[in-house]
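Just so we're on the same page, my numbering is the position in the sequence shown counted from 1, plus 73.
In this text, a Cβ means the ideal position worked out from N, Cα and C, and glycines have one as well.
Computed from a predicted structure; not experimentally measured.
Let me begin by presenting the structure, written as structure tokens, before commenting on it.
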Amino acid sequence: MHKSQSQTTSGYVGRFAPTPSGPLHFGSLVAALASFLDARTHQGQWLVRIEDIDPPRCQDGASDHILRTLEAFGLHWDGSICYQSQQRQSYLQALAQLQQQDLLYPCICSRSQLQGQTIYPGNCRDQSTPSEQASAWRIKVPTMELGFDDLILPAYKENLAQQVGDFILQRKDGLFAYQLAVVVDDAHQGITHIIRGADLYQQTPRQVFLQKCLALPTPSYGHIPLIINEAGQKLSKQNLAQAISASQGPLLMSQAL
74 MHKSQSQTTS
84 GYVGRFAPTP
94 SGPLHFGSLV
104 AALASFLDAR
114 THQGQWLVRI
124 EDIDPPRCQD
134 GASDHILRTL
144 EAFGLHWDGS
154 ICYQSQQRQS
164 YLQALAQLQQ
174 QDLLYPCICS
184 RSQLQGQTIY
194 PGNCRDQSTP
204 SEQASAWRIK
214 VPTMELGFDD
224 LILPAYKENL
234 AQQVGDFILQ
244 RKDGLFAYQL
254 AVVVDDAHQG
264 ITHIIRGADL
274 YQQTPRQVFL
284 QKCLALPTPS
294 YGHIPLIINE
304 AGQKLSKQNL
314 AQAISASQGP
324 LLMSQAL
């Protein structure tokens with residue numbers, strides 16, 4: 074049994090939001106444990122969201138495996154599981170809200186056209202209606218600095234126009250981008266505190282910007298150091314990080330702590 078939301082005594086709501094592209098690895102365990110312990114320290118709720126918004130990346134059975142692993146390690150969540158794949162209508166509503174503010178435009182640029190460019194040059198910024206070609210939807214970003222105070226790392230700010238450019242919210246294939254989905258879902262779940270890996274530290278101003286555009290609250294963010302392998306790479310499924318097993322529980326938990 075997982076606690077109901079009424080069983081907690083504070084206004085703190087944290088979350089762990091893995092992508093089901095494979096089993097949990099040690100880096101994922103550290104991130105889950107950090108957010109879990111912060112929530113429990115503050116007598117708050119700890120929610121779990123499965124970020125299965127990108128089917129090509131998802132592995133059959135991975136969601137259930139992740140949940141079983143969390144339980145085996147004693148990381149028991151509150152309330153029900155949120156699945157991004159079930160939130161499509163919420164994302165469409167957010168896009169419509171941004172469209173009404175004239176913040177979106179269709180983009181037909183291909184990867185080959187943008188090769189070597191880290192900041193989108195605005196080729197399609199003057200477009201207002203989709204062409205006959207498949208179009209992504211980008212959001213117009215302002216020429217101003219946006220930032221946030223981190224609970225762990227130094228405060229961070231950046232000029233989105235100069236350092237990021239207009240970014241995609243819905244891809245040409247119709248799938249929603251992480252930045253939109255995570256902002257909508259955090260608001261939907263009432264998340265107040267987000268403890269996650271430092272690889273998302275520099276993406277946070279984009280999320281703060283979307284929260285402002287959608288009139289949504291901005292949670293408190295804390296970014297923890299990444300677990301790296303012998304090659305200095307972040308432990309990840311893409312880098313073939315080994316899946317963790319419940320039989321390794323005591324050893325892995327002591328290492329994670």
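- The three-state reading of DSSP puts residue 86 in strand, counting E and B together.
- Residue range 218 to 221 is occupied by the beta strand (DSSP E) that includes residue 221.
- Nearest C-alpha to residue 154 among 138, 91, 123, 239: 123.
- Looking only at 102, 223, 138, the smallest Cα-Cα distance to residue 95 is reached by 138.
- Sequence-distant partners of residue 284 (beyond 5 residues in either direction) whose C-beta falls short of 8 Å from its own C-beta, in its chain, are 256, 260, 290, 291.
- Taking the Cβ atoms as the reference, residue 134 lies roughly 32 Å from residue 85, outside the contact range of under 8 Å.
- As DSSP reads the structure, residue 240 sits in a beta bridge with 212.
- Per DSSP, the unbroken alpha helix (DSSP H) holding residue 286 starts and ends at 277 to 286.
- In this structure, DSSP gives residue 274 a helical state, which the three-state scheme calls helix.
- By the neighbour-count criterion, in which a residue is buried when 16 or more other Cβ atoms sit within 10 angstroms of its Cβ, residue 168 is buried.
- When secondary structure is reduced to three states using DSSP, residue 266 falls in the strand class.
- Counting along the chain, the unbroken beta strand (DSSP E) around residue 294 starts and ends at 293 to 297.
- The Cβ-Cβ distance between residue 230 and residue 219 falls below 8 Å.
- By the neighbour-count definition (other C-beta atoms within 10 Å, threshold 16), residue 129 is an exposed residue.
- Annotated three-state conformation of residue 138 is helix, per DSSP.
- Exposure of residue 298 is indicated by the presence of fewer than 16 other C-beta atoms within 10 angstroms of its C-beta.
- Contact between the region 240 to 254 and the region 206 to 216 is established, with three or more Cβ pairs separated by less than 8 Å.
- Under the three-state reduction of DSSP output, residue 118 falls in the strand class.
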